[in-house]
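J.:
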Amino acid sequence: MLTWDESEVISCLEVVPEEGLPGHGVHHTFTVHRNGLRLELHVRQYDGDVSVTVLRDGQDSPVFRHEILGCKGMRVVTEHGREYIEIAPPDPSYGRYDGYSPIPWGLRVFAKPEISVTTFT
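For the sequence shown, this note's numbering assigns the number 663 to the initial residue and increments by one for each residue that follows.
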């Protein structure tokens, strides 16, 4: 199961997710539109699966797409005046994630002032 604070993600992305109950449990889809790009963050909290997709308006294929199966957790970080979401890896040696501790490596998702996704270690 994914450790995260849904209200912090809503605050960071400034959107309320679409929620559903597909065959694999509760899921949340956050969609952010900025400067001709669309960020889709799809979270299946009970499976621990997170996918990040960035699409350009008018283009069918994604600019970026990455799915993390068995994600340990996500947290919202504010650093140097920018807020972003860190998404933890599915690394079994990492152990249980508490939702607050620094994440050693993974993805960073930015939505303000513009959409971007980076890896970090």
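Heads up, the beta-carbon is just placed ideally off N, CA and C, and yes, glycines get one too.
What whole-angstrom Cβ distance do GLY735 and THR780 have, given they're in contact under 8 Å?
T.: As a working note, residue 735 is residue 73 in the sequence shown. As a working note, residue 780 is residue 118 in the sequence shown. Wrong, their Cβ atoms sit about 18 Å apart, outside the cutoff.
J.: Can you confirm whether the segment 718-729 touches the segment 757-768 when touching is taken to mean that 3 or more C-beta pairs between the two stretches lie within less than 8 Å?
T.: Result no; under three Cβ-Cβ pairs closer than 8 Å.
J.: I need the boundaries of the alpha helix (DSSP H) containing SER669, first residue and last residue.
T.: By 1-based counting over the sequence shown, the position of residue 669 is 7. Here the alpha helix (DSSP H) through SER669 covers 668-675.
J.: Going by the DSSP bridge assignment, what does SER713 pair with across the sheet?
T.: Indexing the sequence shown from 1 puts residue 713 at position 51. Answer is HIS704 and GLU729, bridged to SER713.
J.: Does DSSP classify MET736 as helix, strand or coil?
T.: Residue 736 sits at position 74 when you count from the first residue of the sequence shown. Note: MET736 maps to strand in three-state DSSP.
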